[in-house]
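S.K.:
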Amino acid sequence: MSTVISMVEEVPPITPRSPFSQRLTYYEELCRTGTPHEAWQRPVLETVHQYLRGTLGAVLHSLKEIVAHERDGIKTNSNKQALAGYIRDKLQDIGFQEAFSTVQDLVNQNHQPKSPEKMVECYQVMGVQVLGYVLLLLHHPASIAEALCSPETAVLASQIHISMTNYGSPEPTLKYYSDVYYCHLALVGLAAIRPIEQANACKLPASLKLIS
């Protein structure tokens, strides 16, 4: 997890920042002038990607801090609430919802990626799934470690794992987008994929060492 975090150059605080609509104006100009061309998709898709990328960067850092506090016996309720609120605010942004709905519709029209742009679209759907996964962990009444062993977490992690299998890993032409893909992979990797009937028997998954 620390390795993945180090791949994210800028880590925004979990506080309100510029809304999606303002960012779209910014990326419209960047997409027009940016080079190399393979690093820039159409403005709406690029803005969705960068918006979720920044959100995931903040989530990774905060989640690691929460788990470290839990390990040390420090209460984390307020930290969990703050992080959950941050994620909800990001997902409920009107501009983002409209743009993501468009991206999701395009993905649903064809489940098999056939171009770099199609793969980037798929990654955004997976990114929202991962944020929902983190919300599930944060809403669990016990610790993150125990939340990772819940049946609900196992089900959602399995669904995201299927998405990753279907969408595929980044191609060479997608190296500019691969850091977010691996952030998704690291977060889902925290939950061991096991049969639901075994989930309640889980105590402390070895994968928790990733964020220790």
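Residues in the sequence shown are numbered from 115 upward in steps of one, following our numbering. Here a beta-carbon is modelled for each residue, glycine too, at the ideal position from N, C-alpha and C. Small disclaimer: the values here were computed from a predicted structure and weren't measured.
1. Can you grab the Cα-Cα spacing for the pair Y295 / D186, in whole Å?
2. Kindly indicate which three-state DSSP category L262 falls into: helix, strand or coil?
3. What's the gap between the Cα of Q273 and the Cα of T267?
4. Less than 8 Å separating the beta-carbons of T169 and K194?
5. Between which two residues does the alpha helix (DSSP H) harbouring S283 extend?
6. Among I208, H254, S192, which one has its Cα closest to the Cα of Q136?
7. Exposed or buried, Q155, counting other C-beta atoms within 10 Å across all chains shown (16 or more means buried)?
8. Is the beta carbon of Q164 less than 8 Å from the beta carbon of Y200?
9. Measure from the alpha carbon of F134 to the alpha carbon of each residue in C236, Q243, F214, Y237, then state which is nearest.
10. Rounded to whole angstroms, how far is the Cβ of I276 from the Cβ of V181, which I believe are closer than 8 Å?
11. T287 by DSSP, collapsed to three states: which one?
12. I need the straight-line Cα distance from I188 to L159, nearest angstrom please.
13. If you draw a straight line from the C-alpha of Q211 to the C-alpha of T161, how long is it?
14. Where P157 and E235 are concerned, what is the direct C-alpha to C-alpha distance, given to the nearest angstrom?
M.R.: Reading off the structure:
1. 30 Å
2. coil
3. 10 Å
4. no
5. Counting along the chain, S283 falls outside any alpha helix (DSSP H), and DSSP gives it neither H nor E.
6. I208
7. buried
8. Not closer than 8 Å, so no.
9. F214
10. In fact, because the Cβ distance is near 26 Å, the residues do not count as touching under 8 Å.
11. helix
12. 40 Å
13. 12 Å
14. 12 Å
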